[in-house]
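Heads up: the sequence shown is residues 408 to 592, going by our numbering.
Beta carbons: idealized from backbone N, C-alpha and C, even for Gly.
Please read all numbers here as calculations on a predicted model, not as lab measurements.
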Amino acid sequence: MLLDSYEESGVLFNTNFKAMTSDGLQAYRGELVLIDGEVADASGRRKPPTSLVRDVVLLADDAKLQMVVGGLDSVAEIELFIERYGADLAPNASIFLLAPNAHTEAKIEVAGVSGFMLPWEAMVWAQLTEELRLEKSDFKGLSAADKVATAYDELKCYEPSFPFIPLTEMVANATSAKKETHGAI
Numbered sequence: 408m409l410l411d412s413y414e415e416s417g418v419l420f421n422t423n424f425k426a427m428t429s430d431g432l433q434a435y436r437g438e439l440v441l442i443d444g445e446v447a448d449a450s451g452r453r454k455p456p457t458s459l460v461r462d463v464v465l466l467a468d469d470a471k472l473q474m475v476v477g478g479l480d481s482v483a484e485i486e487l488f489i490e491r492y493g494a495d496l497a498p499n500a501s502i503f504l505l506a507p508n509a510h511t512e513a514k515i516e517v518a519g520v521s522g523f524m525l526p527w528e529a530m531v532w533a534q535l536t537e538e539l540r541l542e543k544s545d546f547k548g549l550s551a552a553d554k555v556a557t558a559y560d561e562l563k564c565y566e567p568s569f570p571f572i573p574l575t576e577m578v579a580n581a582t583s584a585k586k587e588t589h590g591a592i
């Protein structure tokens, strides 16, 4: 399966879970590598990646990504995503990307697939479920993988009134906002 090949190639990073849905698709939550870290030693181990899709939520069948949800550090990183994973997108994939410097909510096209980009304002999963109007009761009793499948089913029907904005324009109009991180002091 596609996510198994991703795991073997080392592009799944800080994995929260990778599991099968009851429909036979693979679900993943964690981070997805955009730019690998440098080789650190003679045995081929690498330093941490220099660019990631953060808090990514993926749903895939044997060969294609059916859903991609995640946060980019900047709108411009969409080009890295397309370069590395664009060929793996199903023609009808559901895409929901967040970036702190997105100047507005927009419908976008990613490697020929329609999707959405929004300013990153909350945790990715929380912002996704809020946009889709999903509540805790919608996930009650479901496995982690089936929760992802439930979000996918809703995302397929998601029709906001966002304007279509080409990626080049999204990148050109990006703000200077950056994602604030909180951690130990």
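In this structure, DSSP gives Thr557 a helical state, which the three-state scheme calls helix. Of all C-beta pairs linking the stretch 411-424 to the stretch 522-541, fewer than three are shorter than 8 angstroms, placing the two stretches out of contact. Lys425 sits buried, since 16 or more C-beta atoms from the chains shown fall within 10 Å of its C-beta. Leaving aside the five residues that flank Leu487 on each side, the residues in its chain whose CB is nearer than 8 angstroms to its CB run, in chain order, Leu441, Ile442, Ser458. Distance from the CA atom of Leu505 to the CA atom of Ala434, rounded to whole angstroms, is 19 angstroms.
By the Cβ criterion, the stretch 450-457 is not in contact with the stretch 475-482, since fewer than three pairs of Cβ atoms, one from each stretch, lie closer than 8 angstroms. Uninterrupted alpha helix (DSSP H) stretches at least 4 residues long and entirely within the stretch 459-511 occur at 485-492, given in chain order. Taking the Cα of Met530 as reference, the smallest distance to any Cα among Gly437, Asp430, Phe420 is reached at Gly437.
In this structure, Leu466 lies away from Leu419, with their beta-carbon atoms at least 7 angstroms apart. In the three-state DSSP reduction, Ala518 falls in the coil class, being neither helix nor strand.
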